[in-house]
Amino acid sequence: MPVRGLEGTGMVKVPAGAVAGQKLRLRGQGLPREDGGRGDLYAILQVGVPTEVSGDEKKIWEELARKSSWHPRERK
């Protein structure tokens, strides 16, 4: 997933099970330190939801919901 940093855009791997608001650390991509190294950059995960979907997209989402064993309203 692309992340804008101090020196342009980099990529970060979002782990399975990540949730909105979770902090992802990008080691060595933060502000410069006095010792010449760089600190860490933190990205906070945000979830975007489409406001419009096509008929085909809706069918795919519905099929996924039927086949998935994960139910977002059930707390574990």
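According to the working numbering, the stretch in the sequence shown is residues -8 to 67, in order. All C-beta atoms, glycine included, are put in the ideal place defined by N, C-alpha and C.
| Check | Outcome |
| --- | --- |
| Comparing alpha-carbon positions, which option in ALA56, LEU17, GLU(-2) lies nearest LEU36? | LEU17 |
| With the cut-off set at 9 Å, would you say TRP52 and VAL40 are in Cβ contact? | no |
| Use the C-beta contact count for LEU32: other C-beta atoms within 10 angstroms, 16 or more gives buried, fewer gives exposed. | buried |
| Just reading off the beta strand (DSSP E) that GLY46 is part of, what are its end residues? | Run containing GLY46: none in the beta strand (DSSP E); it sits in the alpha helix (DSSP H), 46 to 58. |
| Return the first residue and the last residue of the beta strand (DSSP E) that ARG92 is part of. | Beyond the ends of the chain as shown, which are -8 and 67, falls residue 92; an answer cannot be given. |
| Taking LEU22 as the reference, give the member of SER59, GLU65, LEU(-3) with the closest Cα. | LEU(-3) |
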